[in-house]
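All remarks here apply to the structure that follows.
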Amino acid sequence: MSLEVDEDRPSIETTKQLKRQDSLYGDAEKVSRAKHHGSEGSWSQLFQLAFQSVGIIYGDVGTSPLYTLSGTFPDGIKDQDDLLGVLSLILYTLILIPMVKYVFIVLYADDNGDGGTFALYSLISRHAKVRLIPNQQAEDAMVSNYGIEEPSSQLRRAQWLKEKLESSKAAKIGLFTITILGTSMVMGDGTLTPAISVLSAVSGIKEKVPSLTETQIVWISVPILFALFSVQRYGTDKVGYSFAPIITVWFVLIAGIGMYNLAVHEIGVLRAFNPLYIVDYFRRNGKEGWISLGGVILCVTGTEGMFADLGHFNIKAIQISFNTVLFPSVTLCYMGQIAYLRKFPEDVADSFFRSIPAPMFWPTFIVAIFSAIIASQAMLSGAFAILSKALSLGCFPSVQVIHTSKSYEGQVYIPEVNFLMGLASIIVTITFRTTTEIGNAYGICVVTVFSITTHLTTIVMLLVWRKKFIFIFLFYIVFSFIELIYLSSILTKFVQGGYLPFCFSLVLMALMITWHYVHVNKYWYELDHIIPADEVTALLKKHDVRRIPGVGLLYSSLVQGIPPVFLRLVQKIPSVHSVFLFMSIKHLPIPHVAPAERFLFRQVGPREHRMFRCVARYGYCDMLEEPGLFKGFLMERLKMFIQDEAAFETNSATGDSQSCSEGSACPIVHSEEVIDSLVGGYAGNISPDLVEKEKQFIDKEMERGVVYLMGEVNIIAEPKSSTVKKIVVDYIYTFLRNNLTDGEKVLAIPKDELLKVGITYEI
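With the UniProt record's numbering as the guide, the letters of the sequence shown map in order to residues 1 to 763.
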């Protein structure tokens with residue numbers, strides 16, 4: 001297409017293609033690929049991040065020496081050589097799982113700097129259409145940090161896997177199921193971490209006050225747990241700087257105590273680095289040695305936190321802090337405990353506190369209490385963050401997510417979930433009373449999350465990284481085998497507390513699956529009953545709809561077509577606001593959407609109707625703007641859209657441009673000069689005064705008020721549905737919807753600006 005340019009106007013290259021730019025912000029194409037936190041910067045900034053990471057992500061694994069050995073030897077030590085075998089197992093478990101698997105492999109499976117189970121799922125979702133809700137749009141891939149490369153024709157394996165995932169409903173359901181299973185297990189971690197960490201730390205006081213009973217220890221722990229969950233609403237702002245010094249002191253203390261015990265008791269335990277001691281241990285103990293692995297695995301509790309909290313740091317920072325602080329300190333602590341137990345094997349139930357030199361006991365005990373609280377705090381914060389991501393996928397009931405920090409975007413608080421987790425943690429502490437049985441439950445959560453991460457990372461390797469098959473094969477076989485052995489061991493303790501996370505996860509998964517099942521079916525129902533955009537004019541005339549002052553925003557999950565609730569609105573109240581937008585809040589499978597790429601606009605019906613489709617796109621880590629700010633952004637971008645549309649509509653008179661209406665794809669302009677020339681000069685034939693009047697009209701209607709319209713959707717099962725479906729839809733889903741936060745509260749919509757339209761869907 002060529003443009004005839006007036007000699008007096010700015011020149012434009014006649015060979016330049018003019019593409020539509022109505023869907024995104026005017027400056028959308030300026031957005032550069034976002035860098036995650038700390039990905040660029042000096043060495044000083046890198047070490048600063050590494051220091052902060054010590055406080056946020058290592059509290060759990062750093063306090064594991066409090067309870068690992070007591071969980072490994074619940075019946076005491078039968079042979080002193082078993083101590084070297086167990087120490088060798090602990091050392092190589094720490095080397096293989098946290099260090100090799102996570103620090104040097106899994107951390108690189110980040111999603112634009114974000115980590116965790118949902119980050120892996122979203123990464124897979126971008127490269128293959130595996131999500132169960134069909135709301136993908138071509139424009140989604142244009143977002144600057146979407147970061148997708150189509151598998152090349154030479155890499156048949158990646159293409160084959162992509163086709164299989166997209167064509168198999170079973171594969172989609174399977175991926176979704178293991179993702180929410182991982183979420184359920186992380187929630188289990190969030191419940192059990194406070195219980196086992198606080199209880200094991202408080203138990204140390206028995207060394208100085210031996211008259212305390214087990215019951216009294218429990219009742220000392222309960223107020224600490226209550227206080228821990230009570231202060232969650234204040235958030236953990238500046239958490240890195242607040243917690244890092246305490247955890248650093250803890251690591252210095254346990255490393256120093258470990259070196260002291262090595263020097264005083266037996267430095268010869270260092271020979272446990274020889275893996276032959278593991279072989280001798282299993283040969284000597286057989287089945288009992290295999291069962292003891294359920295205690296050994298507790299040495300790596302909290303490892304998943306390194307990946308889940310990646311978004312606050314970066315890979316190098318975590319690699320530095322793990323290899324220079326965590327690993328040396330924790331290994332020295334374990335070696336010191338083993339050296340102590342070689343002389344005092346009868347103290348295995350309280351080996352950590354008994355191995356502390358007398359002058360250091362009270363400082364270590366106090367720091368241990370704080371470290372246990374920090375470990376719990378970090379795990380809870382991570383659990384809230386992961387659950388907030390689950391909300392973006394529509395697989396968890398609507399709950400209020402409160403962002404507690406302006407500095408740390410991942411720091412969120414969910415009141416309803418915090419109450420339930422706190423109650424469950426206190427009940428677990430009172431019921432199980434000892435760290436041994438809680439440890440049995442804890443181990444199952446830990447290993448299950450490890451296994452899920454292994455499977456999802458393998459898919460990422462095949463589909464996204466496209467590494468050599470031998471590398472992928474070795475990764476999957478080695479770590480799946482290790483995790484299977486540990487899981488088979490911990491399952492032998494199913495009756496002794498291991499059933500707890502299964503029961504917890506089954507309940508949570510049932511709720512999540514129920515919600516997501518109805519959510520997906522609701523979307524399909526609306527999609528099957530949409531009103532075609534080209535019928536809007538006829539619909540308005542048929543019901544004699546009059547236009548009333550103000551701006552109306554009708555919320556719907558649909559990203560195309562007119563939702564059926566609009567028909568109900570004009571049937572019952574035949575009036576529509578002078579400026580009317582069909583709004584959709586959509587979460588893309590990426591952590592963040594740049595504000596400049598937030599809104600996607602379409603014209604609905606003739607221009608004189610002033611009706612538009614708008615999709616507001618967010619990443620799963622993005623927080624929604626407060627209503628006033630949102631309205632301002634929305635109207636500014638709407639006026640920009642109208643201006644650009646007018647420019648293109650004038651140009652369409654030459655037959656070179658298409659109209660941008662509901663259902664049409666509108667590519668992005670890649671030449672700002674062309675747009676500026678059209679709007680500022682060459683497009684003078686379209687009467688800029690009319691465009692300005694249109695923008696002023698929107699401002700005027702905005703001043704008259706904005707009304708949010710939402711469908712009050714009552715969902716019931718079809719009469720011919722099975723009994724199970726009726727129970728799920730009519731009772732379980734309805735109970736959740738009626739007893740949890742309403743949609744307008746989640747969106748923070750002012751009550752005096754809200755209008756609900758009742759409608760019933762039979763699915």
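Beta carbons are placed, not taken as given, at the ideal position from N, Cα and C, and that holds for glycine.
query, result
"For Gly286, the nearest candidate out of Gln696, Tyr58, Ser489 and Ala308 (CA to CA)", "Ser489"
"Runs of alpha helix (DSSP H) wholly within the stretch 66 to 135 (minimum 4 residues, chain order)", "68 to 72, 81 to 94 and 117 to 127"
"Residue span of the beta strand (DSSP E) that contains Lys287, given as start and end", "Where Lys287 is concerned, there is no enclosing beta strand (DSSP E), although the alpha helix (DSSP H) it sits in stretches over Lys287 to Ile291."
"Environment of Ile267 [buried if 16+ CB atoms lie within 10 Å]", "exposed"
"Exposure label - Ile459; buried when at least 16 CB within 10 Å", "buried"
"Backbone CA spacing between Lys35 and Gly115 [nearest angstrom]", "Bear in mind that the predicted position of Lys35 carries a pLDDT of just 41, short of 50, making it too unreliable to give a figure here."
"Contact set for Ala441: own chain, Cβ-Cβ below 7 angstroms, skip 5 residues either direction", "Leu192, Gly497, Gly498, Leu500 and Pro501"
"Residue interval of the alpha helix (DSSP H) (run including Asn314)", "From DSSP, Asn314 is part of no alpha helix (DSSP H); its letter is neither H nor E."
"Candidates Ile727, Phe353 and Ala263, of which the one nearest Leu66 by Cα", "Phe353"
"Reference Phe469, options Ala158, Ser42, Val106 and Leu332, closest by Cα", "Ala158"
"Segment limits, beta strand (DSSP E) that includes Asn714", "Val706 to Ile716"
"Spatial neighbours of Thr454 in its chain, beta-carbon cut-off 6 angstroms, leaving aside the 5 residues before and after", "Phe479 and Ser480"
"Cβ pair count under 8 angstroms reaching 3, the stretch 275 to 294 against the stretch 162 to 170", "no"
"Residues bridged to Met583 (per DSSP)", "Tyr555 and Cys614"
"Three-state secondary structure (DSSP) of Tyr525", "helix"
"Limits of the alpha helix (DSSP H) - the one that Thr457 falls within", "Thr435 to Val460"
"Tyr620 - DSSP class collapsed to helix/strand/coil", "coil"
"Best match in Thr760, Asn739, Leu709 and Ile727 for proximity to Ile715 [C-alpha to C-alpha]", "Thr760"
"Where Val239 falls, given that 16 or more other Cβ within 10 Å makes a residue buried", "Its pLDDT being 47, under 50, Val239 is placed unreliably in this model, and the value from its coordinates should be taken loosely. Burial call: buried."
"Candidates Asp81, Lys389 and Met335, of which the one nearest Ile180 by Cα", "Lys389"
"One or two residues paired with Tyr413 in a DSSP bridge", "Ile402"
"Close Cβ partners of Val565 (< 6 angstroms) along its chain, the five nearest in sequence each way excluded", "Gly711, Val757 and Ile759"
"Distance between Pro563 and Val728 (C-alpha atoms, nearest Å)", "25 angstroms"
"Bridge partner(s) assigned by DSSP for Lys208", "Partner(s): none; Lys208 has no beta bridge."
"Status (buried if at least 16 other CB within 10 Å, exposed otherwise) for Lys208", "exposed"
"Which residues DSSP lists as bridging Arg547, in chain order", "Val576"
"Boundaries of the alpha helix (DSSP H) in which Gly62 is found, first to last residue", "Gly59 to Gly62"
"Proximity of Gly336 and Tyr260 at Cβ, strictly below 9 angstroms", "yes"
"Beta-carbon contacts of Val86 that lie in its chain and below 8 angstroms, excluding the five residues immediately before and after", "Leu69, Thr72, Phe73, Tyr281, Ser292, Val296 and Ile338"
"Three-way DSSP call (helix, strand, coil) for Lys467 in this model", "coil"
"Straight-line gap, Arg610 to Leu553 (C-alpha atoms, nearest Å)", "12 angstroms"
"Alpha carbon of Leu747 to alpha carbon of Tyr708, nearest angstrom", "11 angstroms"
"Inter-residue spacing [alpha-carbon to alpha-carbon] between Leu391 and Pro397", "7 angstroms"
"Pro275 versus Trp362 - alpha carbon distance", "36 angstroms"
"Span of the alpha helix (DSSP H), counted from its first residue to its last, around Tyr340", "Phe327 to Lys343"
"Cβ neighbour criterion (16 or more within 10 Å) applied to Asn112", "buried"
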